[in-house]
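These notes concern the structure reproduced below.
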Amino acid sequence: MRRIIAILLENEAGALSRIVGLFAQRNYNIESLTVAPTDDETLSRLTLTTRGDDSKIEQITKQLHKLIEVVKLVDLTEGDHVERELMLVKVRAEGATRDEVKRTVDIFRGQIVDVTNTTYTIQLTGPSDKLDAFIRAIGRTIVLEVARTGVSGMGRGDKILSL
Amino acid sequence: MTEMMSGGDMLIRALQDEGVEYVFGYPGGSALHIYDAIFRQQRVEHILVRHEQAATHMADGYARATGRPGVVLVTSGPGATNAITGIATAYMDSIPIVVISGQVPNDLIGTDAFQETDMVGVSRPVVKHSFLVKNAAEIPLVVKKAFYIATSGRPGPVVIDVPKDTTDPAITAPYEYPRSVSLRSYNPATRGHTGQIRRAVDALVRAKRPVIYTGGGLVQGEGSDQLTRLARRLDFPVTNTLMGLGGYPATDRQFLGMLGMHGTFEANNAMHAADLILAVGARFDDRVTNNPAKFCPQATVVHIDIDPASISKIIPAHIPIVGPVRAVLDEMETQVNSLLEKHPELPDRDALAKWWAQIEQWRDAHGLDHDLLAKGSAGDVILPQHAVQALYKATDGNAYVTSDVGQHQMFAAQYYKFDSPRRWINSGGLGTMGFGLPAAMGVQFAFPNATVACVTGEGSFMMNMQELSTCQQYALPIKIVNLNNAALGMVKQWQDMQYGGRHSHSTYREALPNFVKLVESFGHIGIKIERLADLEPAMKEAFSDKNRRRLVFLDVQVDPDEHVYPMAIRGGSMRDMFLAKGETT
Ligand SMILES: Cc1ncc(C[n+]2csc(CCOP(=O)(O)OP(=O)(O)O)c2C)c(N)n1
Ligand SMILES: [Mg+2]
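Protein sequence lines correspond, in order, to chains A and B. Counted the way my numbering counts, the first sequence spans residues 16 to 178. Counted the way my numbering counts, the second sequence spans residues 74 to 658.
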């Protein structure tokens, strides 16, 4: 099962490499990883997605907790949560496909953020599966380049991950 | 009244303030400012080793014997990488050591400078934590944190990588050693959950076929007295892991011996048939469980450990208790006592009597023979077991015994009966050949007047024998018992059992040195023993008062064909064992 783990990490040199190293060392896989400083500049927030059954995820979260620089973490997929990913897609847009792409972008509530005679660059935000669905909808053949940020997420309601 | 000091002086001053007695180290370019600081003080004694790996094992042996952290100092590059095996050894067995490595100056990091290695990166998978010092001013706090992290919670090695510019004598900063340190991201448990302990106690007192299984965590967590009282109060059988020997007195009636791959028949059978297992500071290593799918099918598992990640990692625990073993066992004892007062019918004495009868039957059928020495041998051949029994006799069972890795290690674990914790010192988790001698040295430094023996094999011994020179320099009177089978015996045993007797690169009889001359050339005493009749007299000689201040090396020529039994049958349950050549359960 796919899991989204959000981590508050000391914003220190080398902290990220310990997280990534842990996954490599223990044969866990990382599907996506995003990290950036938070409003509290001593902390980074990291969101990673991985896969595994309950016991594997339990081990992963326990091992993460053992890292000295991990301050707090939560498995967002254990409860209701919001998940978002941002994607930039550059597509070949010529002739009739130009309008068609534009319509699909509107349906997915995306934005065209850069235009040339032959290309569109589209920005799209949403859960990862929505981004996947968009790529399928416009068709892979016209896709020139894709950049995705990886998942970021938060628990719904008054569940809060902070100090 | 904060003093101004250079980073090098601060580092050594911080070690003083931390109460460090010894630093085991080896100098080099990046560490020279630090070495100069060592030269200009007296309180911390530096021990000059002959190889950085040995320095880490010495610090490790010191830590295992005393419970206090061991300290290592090495230079950058090759000095640092040589230390890695010892760091990994300490990591696998959760031993608190602090390793200070010199590093190239900050402005050269990343340039492939002379003797530059990314020590923080190279050591990352085998440390509890590591620091790269950025400037001199942060050295006191970094040292304080390093010792705190190494020794608290589940202990482990911590690396402090020190770029040369941060120890420059020309740059000073105010020195103040922090009294305490707290880390918002690191808060090891200080006690167990009372409700969980109650659940565990309820299960314990009602068990009909209980076994207490304890590991290195009980030794390191200083919980042996508590555990021993609890076991006696309940009349439960106890088994120890390879790392846990001495956690429960081995000469006690309730002790079943070691469990696992080379564990006793009675310990492994009792585990398999148990209806309750109380695991204390043990981690269900694959060398214990054999096939986890077939592990103890009827047992309720209660697991006490300081590290939550050890719980339910391999074997799901029915009743997990996270906490320091000593505090948890204290609370457990209180609860057991008050429960037994209220319920005089508990524990179930009839069931326990039956259980003990069964265990005694196992013990009688295939238990280890601790009287081999008295029985002699055909052709006066020395079995490795004889040598360990003779050592036990010559030292009254009171020595600190370190070991290496191989058959000799298992024979030592099986036949030397450890009655107290911290006496048996071996590399259980990583299985590092070359550990024994330097570990013994660390122990001898900690306890200059104690009897310290190293049970080794000629293969393992040759992996760190250069330290005989260090032993000479510091007059360490270690007694080395070399169970010389002229082979990588444990490898050869596996080849006998699993590879049709094809001894691929596991023998070297013709190429072995004359060990007696070898040790003599380092200024020590060597005795070669070839007949059983000579074994006990030689042991007596080695441990005689005359040789109290001398290193004596006993080169015991043992039967090269001997195998270690019992031995778990791979893929089976704990009760599936080879009992002798060609004989299985
Ligand atoms: C550094 C290292 N290399 C290889 C091994 C694999 N190994 C385990 S036991 C063993 C043989 C040990 O020989 P010796 O020290 O003579 O002990 P014996 O088994 O003969 O008693 C080997 C090679 C190891 N444990 N450690
Ligand atoms: Mg050998």
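Quick reminder that beta carbons are idealized off the backbone N, C-alpha and C, glycines included.
query: Beta carbon proximity, residue 380/B to chain A, threshold 9 Å; result: yes
query: Own chain partners of residue 576/B with C-beta closer than 7 Å, once the 5 adjacent residues on each side are dropped; result: 565, 568
query: Residue 559/B CB to nearest heavy atom of ligand 3 below 8 Å; result: Among the ligands in the structure shown, ligand 3 does not appear; only ligand 1 and ligand 2 can be found there.
query: Test: residue 235/B CB closer than 9 Å to a CB of chain A; result: no
query: Euclidean distance between Cα positions of residue 89/A and residue 167/A; result: 13 Å
query: Chain-order list of residues whose beta-carbon lies under 6 Å from that of residue 333/B (same chain, five-residue window excluded); result: 360, 361
query: Chain-order list of residues whose beta-carbon lies under 8 Å from that of residue 75/B (same chain, five-residue window excluded); result: 247, 248, 249
query: Sheet register partners of residue 16/A (DSSP bridge); result: Beta-bridge pairing links residue 16/A to no other residue.
query: Supposed contact pair residue 66/A and residue 17/A - C-beta distance, whole angstroms, cut 8 Å; result: 5 Å
query: Environment of residue 159/A [buried if 16+ CB atoms lie within 10 Å]; result: exposed
query: Continuous beta strand (DSSP E) assignments of at least 3 residues falling wholly in the segment 95-141 of chain A; result: 96-107, 126-130, 134-141
query: Collapsed DSSP secondary structure at residue 144/B in the structure displayed; result: strand
query: Rounded straight-line distance, which links the Cα of residue 555/B to that of residue 20/A; result: 52 Å
query: Cβ neighbours of residue 57/A in the same chain (closer than 8 Å, five flanking residues each side left out); result: 25, 26
query: Among 101/A, 96/A, 115/A, 170/A, the one whose alpha carbon lies nearest that of residue 154/A; result: 115/A
query: Segments of 4+ residues assigned as alpha helix (DSSP H) that fall wholly inside the segment 365-429 of chain B; result: 398-415
query: Residue 228/B at chain A interface by Cβ criterion, 9 Å; result: no
query: Within chain B, partners of residue 77/A - CB distance below 7 Å; result: 381, 382
query: For residue 64/A, the nearest candidate out of 122/A, 35/A, 86/A, 151/A (CA to CA); result: 35/A
query: Own chain residues within Cβ distance below 7 Å of residue 458/B, not counting five before or after; result: 445, 484, 488
query: Delimiting residues of the alpha helix (DSSP H) encompassing residue 349/B; result: It is not in any alpha helix (DSSP H) - residue 349/B instead sits in the beta strand (DSSP E) that spans 349-353.
query: Contacting positions in the segment 178-198 of chain B - beta carbon closer than 9 Å to chain A; result: 193, 194, 197, 198
query: Residue 32/A: contacting residues in chain B (beta-carbon distance under 9 Å); result: 193, 194, 197
query: Supposed close pair residue 548/B, residue 622/B - CB separation, criterion 8 Å; result: 7 Å
query: Any non-hydrogen atom of ligand 2 closer than 8 Å to residue 481/B Cβ; result: yes
query: Closer than 7 Å at the beta carbon, the chain B residues around residue 40/A; result: 198
query: Own chain residues within Cβ distance below 6 Å of residue 164/B, not counting five before or after; result: 199, 229, 230
query: Residue 194/B - containing alpha helix (DSSP H), residue span; result: 192-196
query: Residues near residue 408/B in its chain [Cβ-Cβ closer than 8 Å; skip 5 each side]; result: 270, 271, 274
query: Within-9 Å CB hit, residue 67/A to chain B; result: no
query: Beta carbon of residue 591/B nearer than 9 Å to that of residue 599/B; result: yes
query: Cβ-based neighbour list, residue 303/B, same chain, cut-off 7 Å, excluding 5 preceding and 5 following; result: 402, 405, 406, 409
query: Inter-stretch contact at 8 Å, needing at least 3 Cβ pairs: the segment 423-430 of chain B / the segment 473-481 of chain B; result: no
query: Same chain only: Cβ atoms within 6 Å of residue 286/B, ignoring 5 sequence neighbours per side; result: 312, 350, 352, 355
query: 3 or more residues per run - each beta strand (DSSP E) lying fully within the segment 255-288 of chain B; result: 283-287
query: Min CB distance residue 80/A to chain B below 9 Å; result: yes
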